[in-house]
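**Q** These protein sequence lines are chains A and B, in that order. The opening position of the first sequence corresponds to residue 4 in our numbering, with each subsequent residue numbered one higher. The opening position of the second sequence corresponds to residue 629 in our numbering, with each subsequent residue numbered one higher.
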Amino acid sequence: MNFTLKIWRQASQRDQGQFVTYRIDEISDDMSFLEMLDLLNEQLIAKSEDPVAFDSDCREGICGMCGLMISGQAHGPEVTTTCQLHMRSFTSGDTITIEPWRADPFPVLKDLIVDRSAFDRIIQAGGYISVNTGAAPEAHSVPVPKPNADRAFDAATCIGCGACVAACPNASGMLFMAAKVTHLGELPQGQPERASRVLSMVTQHDHEGFGGCTNIGECSAACPKEIPLDVISTLNGDLRRAMQHKPS
Amino acid sequence: MAVTGAIFVGYVLLHMYGNLMAFGGADVYNTYAHHLRTFLMPMLPYQGFLWVLRLVLVLALVGHVFAAFTLWNRAQKARTTRYAVKKAVAATLSAKWMRWGGVALLAFVVFHLLEFTTRTITPGGDSDSPFTRLTNGFSLWWVFLIYLVAMFALAMHLHHGIWSAAQTLGWTSSALSRRVAKTLGLTIALVVSVGFIVPPFLILVGVIK
Ligand code: HEM
Ligand code: FES
């Protein structure tokens, strides 16, 4: 297969940046999207050009490092991470536009790499949960109903890749934050700090400069872990209750 | 956004229902218009109820528009560099049109108030009978067209708005409740917009006169 790649190149955070077009041939349809970029970089290095900077780590869809905007879709046309996307999802001869996540709270560091520390700060604002560390407690001492455990687990599959923000027309971090709020809020261990957690996380989210959620649903459609929109409703419910019973 | 929007949903349902009095002809409609002004008398003065309603609506409008522009502004600031290519895969047409559709509805409300409340513009001719004012206006095709477009915008606004409000209020935390909210949004959008446009249409084609 061969492709025309329009890739965002930006030397540093302060650089203006622009698109550069590359041709790439002899791509196997079994290659992952990142392997295709690896191949491009080998060719660039052979020509003594600066390779395209992009993030990746696990390359098995669990770390959330590899987010790219691929022809207008976060992580490309399949419901998966960029590292798990294969070239067979494209048609030979396609022009593929590759851009970094676009959101001001995620500044571009170089080329396709953005700084997602804003997410870490939201998690940090969420604070601790009150459980004792040390020996594992007796599992039956705190029963968790199966539906709650399932929902908590589904929400906990969020890998913090930022696709929700990238896809959202408002550049809102609501789905990410709601996944975290739901994951802890469904469990007994998450109850003592439930109200303060949602208040601090939302405050931090807004402070970081993310947009507000208008329930459009692009986030959930782009999520490689298929986090459903209903977690946002759970967050909103928690927030409403927390604001009504605000501890003075 | 959600709370002020809910006030409007209640209002358009009542207003749409009231407009259906046009089916009863001049007497029924004019009695209804008169009753609106004497409603809850003598507890309230003449037109008292209307003024309370107007106050609530104006406050809701200010809150709604303020919240909308705040969200718009935040979204603008949160993405100052736009994508060269961006595909929407989940957004409904209604969701995409919330902002400009809302602006269109605001313009419509101004036109509408100038026509029927302040009677500053009186297409088709003024009259002391509310019913005659109605039939005068809607016997003109372009007046009807403005209302048709506005009801289209209203249907879209309600379609996304009702579901979105339910989500914002935290009522849609399961797949089932989400489906219910979406169905409710679509149903109310259709009932309100069709209910609103039927009397003007029948006036235009001469069935109601
Ligand atoms: C085809 C659709 C509509 C028709 C035929 C219609 C008709 C009317 C009429 C005849 C009045 C005057 C009532 C009276 O003086 O007793 C009125 C008032 C009003 N309408 Fe509508 N209307 C329509 C849609 C809407 C929509 C969609 C909205 C809002 C989004 C709206 C908002 C208002 C408001 C705010 C008033 C003024 C209430 C007041 O302060 O007196 N209308 N309408
Ligand atoms: S590289 Fe870890 S999820 Fe893609």
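Note that beta-carbon positions come from the ideal geometry of N, C-alpha and C, so glycine has one too.
Do you know whose CA, among 751(B), 693(B) and 755(B), lies nearest residue 735(B)'s CA?
**A** Position 107 of the second sequence holds residue 735(B). Looking at the Cα atoms, 693(B) is the closest of the given residues.
**Q** Please list the terminal residues of the continuous alpha helix (DSSP H) segment that includes residue 833(B).
**A** Position 205 of the second sequence, counted from the start, is the residue given in the question as residue 833(B). Residue 833(B) -> no alpha helix (DSSP H), and no H or E assigned at all.
**Q** Just checking: is the beta-carbon of residue 723(B) within a distance shorter than 7 Å of some beta-carbon in chain A?
**A** Taking the second sequence and counting its residues from 1, the one referred to as residue 723(B) is at position 95. Yes - at least one Cβ of chain A is within 7 Å of the one on residue 723(B).
**Q** So, is the C-beta of residue 691(B) closer than 7 Å to a C-beta in chain A?
**A** The sequence position of residue 691(B) within the second sequence is 63, counting from 1. No, no contact with chain A.
**Q** Apply the 10 Å Cβ neighbour rule to residue 825(B) and answer buried if 16 or more other Cβ atoms are within range, or exposed otherwise.
**A** Here residue 825(B) is taken as the residue at index 197 of the second sequence, counted from 1. Under this definition residue 825(B) is a buried residue.
**Q** Show which residues of chain A have a CB atom less than 7 Å away from the CB atom of residue 714(B).
**A** Translated into positions along the second sequence, residue 714(B) becomes position 86. Those are 75, listed as they occur along chain A.
**Q** Who pairs with residue 25(A) in a beta bridge, going by DSSP?
**A** Reading the first sequence from its first residue, position 22 is the one you call residue 25(A). Paired residues: 8(A).
**Q** Is residue 113(A) helix, strand or coil when you go by DSSP?
**A** Residue 113(A) sits at position 110 when you count from the first residue of the first sequence. In the displayed model, residue 113(A) falls within a strand according to three-state DSSP.
**Q** Tell me which residue opens and which closes the beta strand (DSSP E) that residue 100(A) is part of.
**A** As a first step, residue 100(A) is located in the first sequence; it is residue number 97 there, counting from the start. It spans 98-102 - the beta strand (DSSP E) in which residue 100(A) sits, taken as one unbroken run.
**Q** DSSP three-state label for residue 76(A), please.
**A** Taking the first residue of the first sequence as position 1, residue 76(A) is located at position 73. Strand.
**Q** In three-state DSSP terms, what is residue 35(A)?
**A** Reading the first sequence from its first residue, position 32 is the one you call residue 35(A). In the structure shown, residue 35(A) sits in a strand (DSSP, three-state: E or B).
**Q** Between residue 132(A) and residue 795(B), how many whole angstroms is the CB-CB distance? I'm expecting something under 8 Å.
**A** Within the first sequence, residue 132(A) is the residue found at index 129, counting from 1. Within the second sequence, residue 795(B) is the residue found at index 167, counting from 1. Actually they do not touch by this definition, with Cβ atoms about 26 Å apart.
**Q** Below 8 Å on the Cβ atoms is my contact criterion, and I expect residue 100(A) with residue 713(B) to pass it. Report the Cβ-Cβ distance as a whole number of Å.
**A** Position 97 of the first sequence, counting from 1, holds the residue named residue 100(A). Position 85 of the second sequence, counting from 1, holds the residue named residue 713(B). Separation of the CB atoms of residue 100(A) and residue 713(B) is rounded to 4 Å, and the pair is thereby assigned contact status at 8 Å.
**Q** Who are the Cβ neighbours of residue 749(B) in its own chain at under 7 Å, not counting the five residues just before and after it?
**A** Translated into the one-based positions of the second sequence, residue 749(B) becomes position 121. Within the same chain, residue 749(B) has close Cβ partners 742 and 743.
**Q** The ligand FES and residue 68(A): does the residue's C-beta get closer than 6 Å to at least one heavy atom of that ligand?
**A** The residue you call residue 68(A) lines up with position 65 of the first sequence. Under cutoff, so the answer is yes.
**Q** Report yes or no: is there a C-beta of chain D within less than 7 Å of the C-beta of residue 633(B)?
**A** Looking for chain D here will not work: the only protein chains present are A and B.
**Q** Can you tell me whether residue 106(A) is helix, strand or coil according to DSSP?
**A** Here the question's residue 106(A) lines up with position 103 in the first sequence. Strand.
**Q** Can you list, in chain order, the residues of the region 221-232 of chain A whose Cβ is nearer than 8 Å to any Cβ on chain B?
**A** 221, 223, 224, 225, 231 and 232
**Q** From the beta carbon of residue 31(A), is the nearest beta carbon of chain B less than 7 Å away?
**A** Residue numbering aside, residue 31(A) sits at position 28 when the first sequence is read from its first letter. Cβ-Cβ to chain B under 7 Å: no for residue 31(A).
**Q** Within this structure, are the beta carbons of residue 200(A) and residue 129(A) separated by less than 7 Å?
**A** Walking along the first sequence from the start, residue 200(A) turns up at place 197. Walking along the first sequence from the start, residue 129(A) turns up at place 126. It is a contact, given that the beta carbons lie within the stated cut-off.
**Q** Residues of chain B with a CB under 9 Å from the CB of residue 107(A): which are they?
**A** Residue numbering aside, residue 107(A) sits at position 104 when the first sequence is read from its first letter. Within chain B, the residues near residue 107(A) are 705, 706, 707, 708 and 709.
**Q** Hey, residue 766(B) and residue 832(B) are a contact pair by Cβ (cut 8 Å); roughly how many whole angstroms apart?
**A** Within the second sequence, numbered from 1, the residue matching residue 766(B) stands at position 138. Within the second sequence, numbered from 1, the residue matching residue 832(B) stands at position 204. Sure, about 6 Å apart at Cβ, within 8 Å.
**Q** Listed in chain order, which residues of the region 172-187 of chain A have Cβ atoms closer than 8 Å to some Cβ of chain B?
**A** 172, 173, 174 and 175
**Q** I'd like to know if residue 637(B) contacts chain A, where contact means its C-beta is closer than 7 Å to some C-beta of that chain.
**A** The sequence position of residue 637(B) within the second sequence is 9, counting from 1. No, its Cβ sits nowhere closer than 7 Å to a Cβ of chain A.
**Q** Using DSSP's beta-bridge definition, name the partner residues of residue 89(A).
**A** In the first sequence, counting from the first residue as 1, residue 89(A) sits at position 86. In the DSSP output, where bridge partners are listed per residue, residue 89(A) has 35(A).
**Q** Taking the alpha carbon of residue 47(A) as the reference point, which residue from 15(A), 67(A) and 24(A) has its own alpha carbon closest?
**A** The residue given as residue 47(A) occupies position 44 in the first sequence. The shortest C-alpha separation from residue 47(A) is found at 24(A).
**Q** Just to confirm my understanding: we take residue 227(A), look at its own chain, exclude 5 residues before and 5 after, and list those with CB closer than 6 Å. What are they?
**A** Numbered from 1 along the first sequence, position 224 holds the residue referred to as residue 227(A). Excluding sequence neighbours, residue 227(A) sits near 78, 83 and 84.
**Q** Counting only C-beta atoms, is residue 807(B) closer than 7 Å to chain A at any point?
**A** Looking up residue 807(B) in the second sequence gives position 179. Cβ-Cβ to chain A under 7 Å: no for residue 807(B).
**Q** What residue from 110(A), 104(A), 72(A) and 39(A) has the CA that sits closest to residue 254(A)'s CA?
**A** The displayed coordinates of chain A run from 4 to 251. Any statement about residue 254(A) would go beyond what the structure contains.
**Q** For the region 191-218 of chain A, enumerate the residues whose C-beta is nearer than 7 Å to any C-beta of chain B, in chain order.
**A** 212, 213, 214, 215, 217 and 218
**Q** Measure the Cβ-Cβ separation of residue 657(B) and residue 650(B) and say whether it is below 7 Å.
**A** Start at 1 with the first residue of the second sequence, and residue 657(B) comes out as number 29. Start at 1 with the first residue of the second sequence, and residue 650(B) comes out as number 22. In this structure, residue 650(B) lies closer than 7 Å to residue 657(B) by Cβ.
**Q** Give the interface partners of residue 261(A) over in chain B, defined as CB-CB distance under 7 Å, in chain order.
**A** There is no way to answer for residue 261(A), as the model of chain A reaches only from 4 to 251.
**Q** Step through the CB atoms of chain A and report whether any lies within less than 7 Å of the CB of residue 717(B).
**A** Sequence index remark: in the second sequence, residue 717(B) carries index 89 (1-based). For residue 717(B), the answer is yes, since a Cβ of chain A falls inside 7 Å of its Cβ.
**Q** Quick check: is the beta carbon of residue 141(A) nearer than 7 Å to any beta carbon in chain B?
**A** As a working note, residue 141(A) is residue 138 in the first sequence. No, its Cβ sits nowhere closer than 7 Å to a Cβ of chain B.
**Q** Work out the CA separation of residue 660(B) and residue 676(B) for me, nearest whole Å.
**A** Indexing the second sequence from 1 puts residue 676(B) at position 48. Indexing the second sequence from 1 puts residue 660(B) at position 32. Straight-line Cα distance between these residues: approximately 15 Å.
**Q** With a 10 Å radius around its C-beta and 16 neighbouring C-beta atoms as the bar for buried, classify residue 674(B) as buried or exposed.
**A** Locating residue 674(B) in the second sequence gives position 46, where the first residue counts as 1. A residue is called buried when at least 16 other Cβ atoms come within 10 angstroms of its Cβ; residue 674(B) does not meet this threshold and is exposed.
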